[in-house]
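Trainee: Residue numbers (our numbering), protein chains in the order written: chain A, 567 to 734; chain B, 567 to 734.
Ideal placement from N, C-alpha and C gives every residue a C-beta, glycine not left out.
It should be emphasised that the depicted structure is a prediction, and the values quoted were computed from it without experimental measurement.
2 protein chains.
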Amino acid sequence: MTLSMYQASVPVLVRALKALSGVLHKGAAFARERNVSPEVLLNTRIIADMFPLARQVQIATDMAKGAVYRLAGQDVPSMDDNEATFEQLQERIARVIGMIEAFTPAQIDGSEDRSIVLKLRSGELTFNGQDYLLGFVLPNVYFHCTTSYSILRGEGVPLGKADFLGKA
Amino acid sequence: MTLSMYQASVPVLVRALKALSGVLHKGAAFARERNVSPEVLLNTRIIADMFPLARQVQIATDMAKGAVYRLAGQDVPSMDDNEATFEQLQERIARVIGMIEAFTPAQIDGSEDRSIVLKLRSGELTFNGQDYLLGFVLPNVYFHCTTSYSILRGEGVPLGKADFLGKA
Chain A
567 MTLSMYQASV PVLVRALKAL SGVLHKGAAF ARERNVSPEV LLNTRIIADM
617 FPLARQVQIA TDMAKGAVYR LAGQDVPSMD DNEATFEQLQ ERIARVIGMI
667 EAFTPAQIDG SEDRSIVLKL RSGELTFNGQ DYLLGFVLPN VYFHCTTSYS
717 ILRGEGVPLG KADFLGKA
Chain B
567 MTLSMYQASV PVLVRALKAL SGVLHKGAAF ARERNVSPEV LLNTRIIADM
617 FPLARQVQIA TDMAKGAVYR LAGQDVPSMD DNEATFEQLQ ERIARVIGMI
667 EAFTPAQIDG SEDRSIVLKL RSGELTFNGQ DYLLGFVLPN VYFHCTTSYS
717 ILRGEGVPLG KADFLGKA
């Protein structure tokens, strides 16, 4: 086995999103059991000027989706950010997992030196493929998955590290 | 450029730890400015049964340190977990960065199939090198770096995503 851009992206991102899905399932179950409105959890934040749970999930999925399309040299399909329930967030995660899994190693491998340009509100960011994946995509995906976990964990949802790590 | 086990570990882990160091510097400065005892921040948790900030930093550094020694097939030097100040945590981070940077590509590359056995309180975990790095080390390092960030951010320390991502 030799490490490749495909191996460091597609299965890694799919695993992170499946784990995030499991974390959200436990959050939804907690809301049902405690008779808490799910919207309360979806709007919970670490602090007032950080994004709430629902937006953390939208960003995590966007980061993962953008990664594989950009590494493959394709335009990134955009999604409306209008999920307002756990079920809708689960649908978004499942849809993005399907999109990611549709890529083959031949489409992603060899993208180490591909030029990637991100247009952000703060300006353009330019990377090569390897730095984009290792220095931007993976830390960002894990940042937003961890923050989603911490928001729910901080509200008392019974979660452990294994829920965050997920399964291969 | 071709992605390698060295490229996906040493520079990635060093960058994450340097960013963590920067986040902690901002936490220490915040404590000074607000006349808050640093120990208050170092003992802050997301919730009572999660580890406090100081322990999050210890685990992040341990995960990063363990990764390079194990991938290189060497015994992992242990460290006392006795840091009680921001300065001591900075020393630990700097020490671990030095240990990680001492490894060469020749020592890490080709470790995709190396058998890695972790002895945890819950039992043994066995991985190959690639799955250990991508499915255990990187998510765990980012988990504890994000949690450190969120603890300080939640207390009002002025931090942004760029502080978490750090610089190549």
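Put residue 662 of chain A into one of helix, strand or coil per three-state DSSP.
Mentor: Along the first sequence, one-based indexing puts residue 662 of chain A at 96. Residue 662 of chain A falls in the helix class under three-state DSSP.
Trainee: As a quick exercise: from A:584, A:653, A:578 and A:635, pick the residue whose alpha carbon is nearest that of residue 608 of chain A.
Mentor: Here residue 608 of chain A refers to the residue found at position 42 when the first sequence is read from its first residue. With distances taken between Cα atoms, residue 608 of chain A lies closest to A:653.
Trainee: Taking only beta-carbon atoms, is residue 624 of chain B less than 7 angstroms away from chain A?
Mentor: Translated into the one-based positions of the second sequence, residue 624 of chain B becomes position 58. Taking Cβ atoms only, chain A never reaches closer than 7 angstroms to residue 624 of chain B, which makes this a no.
Trainee: Using a beta-carbon distance cut-off of less than 7 angstroms, what residues from the region 595-621 of chain A approach chain B?
Mentor: Listed by position along the chain: 612, 613 and 616.
Trainee: Which residues in chain B sit within 7 angstroms of residue 578 of chain A, going by Cβ to Cβ distance?
Mentor: For the purposes of this step, residue 578 of chain A is taken as the residue at position 12 of the first sequence. The contacting residues are 700.
Trainee: Does the region 572-584 of chain B touch the region 659-670 of chain B, meaning 3 or more C-beta pairs lie closer than 8 angstroms?
Mentor: Because the criterion of three Cβ pairs below 8 angstroms is met, the region 659-670 of chain B and the region 572-584 of chain B touch.
Trainee: On a CA-only basis, which of A:633, A:679, A:724 and A:719 is nearest residue 699 of chain A? Give me that one, please.
Mentor: Stepping through the first sequence from its first residue, residue 699 of chain A is reached at position 133. It is A:633 whose Cα lies nearest to the Cα of residue 699 of chain A.
Trainee: Would you list the one or two residues that DSSP bridges to residue 593 of chain A?
Mentor: The residue you call residue 593 of chain A lines up with position 27 of the first sequence. Per DSSP, none; premise fails for residue 593 of chain A.
Trainee: Is the number of C-beta pairs between the region 702-716 of chain A and the region 587-600 of chain B that are closer than 8 angstroms three or more?
Mentor: Judged by Cβ distances under 8 angstroms, the region 702-716 of chain A makes no contact with the region 587-600 of chain B, as fewer than three pairs qualify.
Trainee: Give me the DSSP bridge partner(s) of residue 692 of chain B.
Mentor: Stepping through the second sequence from its first residue, residue 692 of chain B is reached at position 126. Answer is B:683.
Trainee: Please name the residue, chosen from B:630, B:637, B:569 and B:624, that lies closest to residue 683 of chain B on a Cα-to-Cα basis.
Mentor: Residue 683 of chain B sits at position 117 when you count from the first residue of the second sequence. Answer by Cα proximity: B:637.
Trainee: At least one CB of chain B closer than 7 angstroms to the CB of residue 716 of chain A: is that the case?
Mentor: Taking the first residue of the first sequence as position 1, residue 716 of chain A is located at position 150. Chain B, which has a Cβ nearer than 7 angstroms to the Cβ of residue 716 of chain A, makes this yes.
Trainee: DSSP three-state label for residue 723 of chain B, please.
Mentor: Along the second sequence, read from residue 1 onward, the residue named residue 723 of chain B stands at position 157. The answer is coil: DSSP assigns residue 723 of chain B none of H, G, I, E or B.
Trainee: Using a Cβ cut-off of 8 angstroms, pull out every chain B residue sitting near residue 696 of chain A, in sequence order please.
Mentor: Taking the first sequence and counting its residues from 1, the one referred to as residue 696 of chain A is at position 130. Under the 8 angstroms cutoff, chain B gives 567, 569 and 573.
Trainee: Using the Cβ count rule (16 or more neighbours within 10 Å means buried), how would you classify residue 569 of chain A?
Mentor: In the first sequence, the residue the question calls residue 569 of chain A occupies position 3. Buried is the call here.
Trainee: Is the Cβ of residue 672 of chain A closer than 7 angstroms to any Cβ of chain B?
Mentor: For the purposes of this step, residue 672 of chain A is taken as the residue at position 106 of the first sequence. So no, residue 672 of chain A is outside the interface.
Trainee: Give me the chain B residues within the contact set of residue 720 of chain A, using Cβ-Cβ distance strictly less than 7 angstroms, ordered along the chain.
Mentor: The count along the first sequence starts at 1 and reaches residue 720 of chain A at position 154. Going along chain B in sequence order, the residues near residue 720 of chain A (Cβ under 7 angstroms) are 612 and 613.
Trainee: By how many angstroms is the C-alpha of residue 628 of chain B removed from the C-alpha of residue 694 of chain B?
Mentor: Along the second sequence, one-based indexing puts residue 694 of chain B at 128. Along the second sequence, one-based indexing puts residue 628 of chain B at 62. Roughly 19 angstroms separates the two Cα atoms.
Trainee: According to DSSP, simplified to helix, strand and coil, what is residue 629 of chain A?
Mentor: The residue labelled residue 629 of chain A in the question sits at position 63 within the first sequence. Helix.
Trainee: Using a Cβ cut-off of 7 angstroms (strictly closer), state whether residue 725 of chain B contacts chain A.
Mentor: Position 159 of the second sequence, counted from the first residue, corresponds to residue 725 of chain B. By this cut-off, residue 725 of chain B is not an interface position.
Trainee: Along chain A, in chain order, which residues have C-beta atoms closer than 7 angstroms to that of residue 581 of chain B?
Mentor: Translated into positions along the second sequence, residue 581 of chain B becomes position 15. Chain A residues near residue 581 of chain B: 701.
Trainee: Answer with yes or no whether the minimum CB distance from residue 637 of chain A to chain B is below 7 angstroms.
Mentor: Translated into the one-based positions of the first sequence, residue 637 of chain A becomes position 71. No, residue 637 of chain A does not count as interfacial toward chain B.
Trainee: Run down chain A in chain order and give the residues with a C-beta less than 8 angstroms from the C-beta of residue 730 of chain B.
Mentor: Within the second sequence, the letter at position 164 stands for residue 730 of chain B. Near residue 730 of chain B (Cβ distances below 8 angstroms), the residues of chain A are 705 and 709.
Trainee: Do residue 734 of chain A and residue 720 of chain B come within 7 angstroms of each other at the CB atom, strictly closer than that value?
Mentor: Residue 720 of chain B sits at position 154 when you count from the first residue of the second sequence. Residue 734 of chain A sits at position 168 when you count from the first residue of the first sequence. Taking 7 angstroms as the Cβ cut-off, residue 720 of chain B and residue 734 of chain A do not qualify as a contacting pair.
Trainee: What in chain B is Cβ-close to residue 678 of chain A, meaning under 8 angstroms?
Mentor: Position 112 of the first sequence, counting from 1, holds the residue named residue 678 of chain A. What residue 678 of chain A touches in chain B: 567, 568 and 569.
Trainee: Tell me the rounded alpha-carbon separation between residue 581 of chain B and residue 626 of chain B.
Mentor: What you label residue 581 of chain B is simply residue 15 of the second sequence in a count that begins at 1. What you label residue 626 of chain B is simply residue 60 of the second sequence in a count that begins at 1. Roughly 12 angstroms between the two C-alpha positions.
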